[in-house]
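Chemist:
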Amino acid sequence: MTVRSDSGIQCFTVRHDGVAIPVSRGGRGRPLVLCPGLNCTQADLHELVSLLRRDHDVVTFDLRGHGLASPAERYSFDAFLGDLVAVMAELDLPSAPVLVGYSLGADLAVHFAAERPGTVAGLVLIDGANPLPEPFLTEADLAEFRAIAEAEAARHASLTAEDIVGLGLEMDVVRGQVLDRYQRIDLPVHVIASTAIAGDSTEGRAPRHNRLWRAGVERLIREQPRISADWIDADHGLVFTHAPDVAEIIRSRLVPC
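Heads up, the sequence shown is in UniProt numbering, so the first residue is 1 and it goes up one at a time.
(1) Do you know how far the Cα of leucine 91 is from the Cα of leucine 68?
(2) Can you give me the Cβ contacts of glycine 29 inside the same chain, cut-off strictly under 7 Å, excluding the 5 residues immediately before and after it?
(3) How many whole angstroms separate the CB atoms of leucine 32 and leucine 52, which I take to be in contact at a CB cut-off of 8 Å?
(4) Please return the same chain residues whose Cβ sits closer than 7 Å to the Cβ of histidine 209, not counting the five positions on each side in sequence.
(5) Alpha carbon to alpha carbon, how far is isoleucine 148 from glutamate 47?
(6) Is the segment 70 to 82 in contact with the segment 163 to 175, if contact means three or more CB pairs nearer than 8 Å?
(7) Applying the criterion that 16 or more other CB atoms from any shown protein chain within 10 Å of the CB defines a buried residue, is leucine 45 buried or exposed?
(8) Assign serine 50 to one of three DSSP states: helix, strand, or coil.
(9) Can you tell me whether glutamine 10 is buried or exposed? The criterion is at least 16 other CB atoms within 10 Å of its CB, across all chains shown.
(10) Can the beta-carbon of valine 19 be found less than 7 Å from the beta-carbon of serine 103?
(11) Name the residue from Phe112, Ser50, Asn39 whose alpha carbon lies nearest to the alpha carbon of serine 24.
(12) For leucine 238 and aspartate 127, which I take to be in contact (beta-carbon distance under 8 Å), what is that distance rounded to the nearest angstrom?
(13) Where does threonine 41 land, buried or exposed, given buried means 16+ other C-beta within 10 angstroms?
(14) On a Cα-Cα basis, can you pick out the residue from Asp62, Thr138, Pro117 that is closest to glycine 101?
(15) By Cβ distance, which residues of its chain are closer than 8 Å to alanine 79, with the 5 residues on each side in sequence left out?
(16) Hey, arginine 175 and leucine 132: beta-carbon distance below 7 Å or not?
Here you go:
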């Protein structure tokens, strides 16, 4: 059942793999589907979504175990990809949408587009789907990452710190193979990347992570010159701290229908 709010936002639920996925749709203009990332909900992306709805018909949703979505028996990249596939299959849009993904959502968008040609009009990838030249998480990073995961798990009713750590390690494997997925995509692709994904500290693991992230984006542009990129002087929270900049880049880089 679809419910329309006083503001004109349509809300409905997609049921898939035993999970109830809440979906919202609103705005006007070109269809755009926004896929959130790990530890991120559509509510977290409210400012960016509101800005994009001024001139786009925006669909967004919560991945399993996040926000208003129900818990699941498994949390893995393939399971999250299944959530995106299920949502896309339920949409009745007037034309193929632009698929925008943030963080893990960017990786999901690349895999979706590579496996289902003709279903999307273009990709905008925000701080994700990065072909890292080496793993992001090493043994030296795990203690710090586990502490971050414990803090993030406190925000969720479903995902545990172990789930989040496991997904972080899995994403290193996924990104190590993502160039193959890019090679299957014949679409406009634009990357929006943070200049300092791990923050501006000159101590600890941050400098290595920042260098590695930049190296991955530069590798992507070098090996896939048809892909364009913009950098935002921010950390990985750029969709929250710089939502107007992100929205403006999306608008300016999308090819009109």
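Even glycine gets a Cβ: it sits at the ideal position worked out from N, Cα and C.
Fair warning: this is a prediction, and the values are worked out from it, not measured in the lab.
Modeler: Concretely, from the data shown:
(1) Residue numbering aside, residue 68 sits at position 68 when the sequence shown is read from its first letter. Residue numbering aside, residue 91 sits at position 91 when the sequence shown is read from its first letter. Roughly 19 Å between the two C-alpha positions.
(2) What you label residue 29 is simply residue 29 of the sequence shown in a count that begins at 1. Within the same chain, glycine 29 has close Cβ partners Asp55, His56, Asp57.
(3) Here residue 32 refers to the residue found at position 32 of the sequence shown. Here residue 52 refers to the residue found at position 52 of the sequence shown. Indeed they touch by this definition, with Cβ atoms about 6 Å apart.
(4) To locate residue 209, count along the sequence shown from 1; it is residue 209. Taken in chain order, the residues that qualify are Phe136, Ile197, Ala198.
(5) The residue given as residue 148 occupies position 148 in the sequence shown. The residue given as residue 47 occupies position 47 in the sequence shown. Across the structure, isoleucine 148 and glutamate 47 are spaced so that their CA atoms are roughly 24 Å apart.
(6) Yes, the segment 70 to 82 is in contact with the segment 163 to 175.
(7) Walking along the sequence shown from the start, residue 45 turns up at place 45. By the neighbour-count definition (other C-beta atoms within 10 Å, threshold 16), leucine 45 is a buried residue.
(8) Numbered from its first residue, the sequence shown carries residue 50 at position 50. Helix.
(9) Working through the sequence shown from its first residue, we reach residue 10 at position 10. Note on glutamine 10: under 16 other CB atoms within 10 angstroms of its CB, so exposed under the neighbour-count rule.
(10) Working through the sequence shown from its first residue, we reach residue 19 at position 19. Working through the sequence shown from its first residue, we reach residue 103 at position 103. No. Outside cutoff.
(11) On the sequence shown, position 24 is the one that residue 24 refers to. Comparing Cα positions, the closest option is Ser50.
(12) Residue numbering aside, residue 238 sits at position 238 when the sequence shown is read from its first letter. Residue numbering aside, residue 127 sits at position 127 when the sequence shown is read from its first letter. Contact between leucine 238 and aspartate 127 is confirmed by a C-beta separation of about 6 Å, below the 8 Å threshold.
(13) Walking along the sequence shown from the start, residue 41 turns up at place 41. Threonine 41 is buried by the Cβ-count criterion.
(14) What you label residue 101 is simply residue 101 of the sequence shown in a count that begins at 1. Answer by Cα proximity: Asp62.
(15) Locating residue 79 in the sequence shown gives position 79, counting from the first residue. Asp17, Arg64, Ala72, listed in sequence order.
(16) Within the sequence shown, residue 175 is the residue found at index 175, counting from 1. Within the sequence shown, residue 132 is the residue found at index 132, counting from 1. Taking 7 Å as the Cβ cut-off, arginine 175 and leucine 132 qualify as a contacting pair.
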